[in-house]
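Asker: Using the UniProt record's numbering, you'd call the opening residue of the sequence shown number 1 and step up by one each time. Attaching a single structure in structure tokens format; questions to follow.
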Amino acid sequence: MTDSVLDLPLSAVTDVDEYVRAAMEWHFNPETGSPFWLRKAESFDFDPRLEVKGHEDLARFPNVLSEFRDVPVEDLIPRGYGDRPPVVGVYESGGTTGAPKRIVLMRDWWEQLLAELHVRMDALGVPRNVNWLAMAPGGPHVVGQTMVRWARDRGGVAFFIDLDPRWVKKLIGSGRGDEADAYTTHLLEQTRILLRTQRIGVLMITGPMLARLAQHDDLVELVREKVSAIMWGGATLDPDTRDLMRTEVFPGKTFSGGLGSTMIGGGPALQRPGTDDMPVFDPISPAITFAVVDPATGRKVAYGERGQVVMNHVSRSMLMPNNLERDLAIRVEALPGAAGDAVAEVFPVQVFEEETVIEGVY
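See the structure below:
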């Protein structure tokens with residue numbers, strides 16, 4: 001690999017359009033691009049290396065991420081990495097809208113991402129030198145790998161409650177709500193043991209599971225006694241429940257959310273500091289950017305209006321442009337210097353890709 005703007009720390013990139021142009025040259029040059037994108041380019045009515053001149057031109061790409069369900073993962077690795085590409089792992093989406101999609105996580109992107117996320121967690125007041133308890137999916141899901149690194153890099157260790165979101169969605173979708181409830185009780189029993197026996201400073205948990213935890217007085221007391229920061233994400237937390245958790249059930253705790261998606265490269269958009277009343281989520285520009293659009297026209301809605309979220313990932317390691325997500329959100333102005341939009345009050349659509357959307361617990 002040659003020196004490029006793609007190799008800079010993400011916070012050091014000052015020209016987003018230059019960054020996008022460098023990525024187009026990398027991904028669509030026959031010597032460095034992946035077999036998948038080089039094949040797809042043959043069907044485009046434009047030349048990405050010549051005609052994608054900046055961030056706004058990413059909207060020219062068709063949304064092809066449904067093909068990530070079937071494509072061999074080797075075809076997603078850019079040839080420019082050589083014969084021994086630095087693969088961290090292969091990770092899958094949650095399968096909310098059908099068979100899961102897959103990405104290949106490369107080490108250079110992983111390190112760029114983690115460096116930026118630690119800066120943002122510091123700004124939110126997430127403590128260092130404490131242990132983490134994460135109720136999150138393991139196995140093929142990137143969030144488990146993320147929690148291990150977050151805890152270790154910040155001076156602690158990670159304890160896990162392994163959550164299987166696909167099984168919960170299947171139970172709910174087939175009308176077996178009693179079995180889903182039994183499964184969440186099983187998760188909370190494991191949480192109780194760890195909170196009683198271990199020193200836990202950060203609790204990372206999904207919104208629905210936090211609401212369930214709050215129904216148990218002993219768990220609430222353990223969290224109040226031991227935990228300094230609660231980070232929620234993975235599924236929505238409605239405004240009334242969120243405010244109740246923050247102000248009455250767990251007052252005085254650092255309380256922040258994250259909006260993540262495997263299909264943006266595993267990098268969550270953490271909550272903007274100072275937006276407790278209506279959390280705003282900022283993606284990690286320029287690699288990850290959002291747009292909020294009218295799904296009927298594809299045009300951006302006005303700031304303050306609700307639309308459907310389009311996500312882009314553009315880095316040396318992967319390209320996933322113009323991905324219409326299953327979420328609706330309010331469009332918020334991005335931070336100075338960042339590309340695209342920030343988002344707030346994110347909730348899933350009811351039907352996406354001809355599948356009923358079931359959030360379950362993640």
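All C-beta atoms in this analysis are idealised placements derived from N, C-alpha and C, irrespective of residue type, glycine included. Predicted model, so just to flag it, every value in this text is computed and none were measured.
Kindly indicate which residue of 55, 196, 34 has the alpha-carbon position closest to the one of residue 71.
Answerer: Minimum Cα distance to residue 71 is reached at 34.
Asker: Taking the alpha-carbon of residue 293 as reference, which of 43, 61, 311 has the nearest alpha-carbon?
Answerer: Looking at the Cα atoms, 311 is the closest of the given residues.
Asker: Assuming residue 151 and residue 132 are in contact, meaning their beta carbons sit under 8 Å apart, how far apart are those beta carbons, in whole angstroms?
Answerer: At roughly 4 Å, the Cβ-Cβ gap stays under 8 Å, so residue 151 and residue 132 are in contact.
Asker: Whole angstroms is fine: what's the gap from residue 285's alpha carbon to residue 6's?
Answerer: 12 Å
Asker: Among 21, 135, 191, which residue has its Cα nearest to the Cα of residue 221?
Answerer: It is 191 whose Cα lies nearest to the Cα of residue 221.
Asker: Out of 330, 296, 18, 94, state which residue places its alpha-carbon closest to the alpha-carbon of residue 306.
Answerer: For the residues 330, 296, 18, 94, the minimum Cα distance to residue 306 belongs to 330.
Asker: So who's on the other strand from residue 327, going by DSSP bridges?
Answerer: Looking at the DSSP assignment, residue 327 forms a beta bridge with 348.
Asker: CB-CB under 7 Å to residue 162, same chain, minus the five flanking residues each way: which ones, in chain order?
Answerer: 138
Asker: Buried or exposed for residue 351, going by 16 or more other Cβ atoms inside 10 Å?
Answerer: A caution first: residue 351 carries a pLDDT of 49, below 50, which makes its placement in the model too unreliable to give a value.
Asker: Which one of 301, 334, 251 has the shortest CA to CA distance from residue 272?
Answerer: 334
Asker: With 16 other CB atoms within 10 Å as the buried threshold, where does residue 169 fall?
Answerer: buried
Asker: Can you give the Cα-Cα distance for residue 209 and residue 345, rounded to whole angstroms?
Answerer: 19 Å
Asker: Taking the C-alpha atoms as reference points, what is the distance between residue 213 and residue 141?
Answerer: 23 Å
Asker: Report the CB separation of residue 127 from residue 228 in whole angstroms; it is logged as a contact under 8 Å.
Answerer: The pair is a contact, with the Cβ atoms about 5 Å apart (cut-off 8 Å).
Asker: Taking the C-alpha atoms as reference points, what is the distance between residue 354 and residue 111?
Answerer: Legend: pLDDT at residue 354 = 47, less than 50; position of this residue unreliable, no value from coordinates given.
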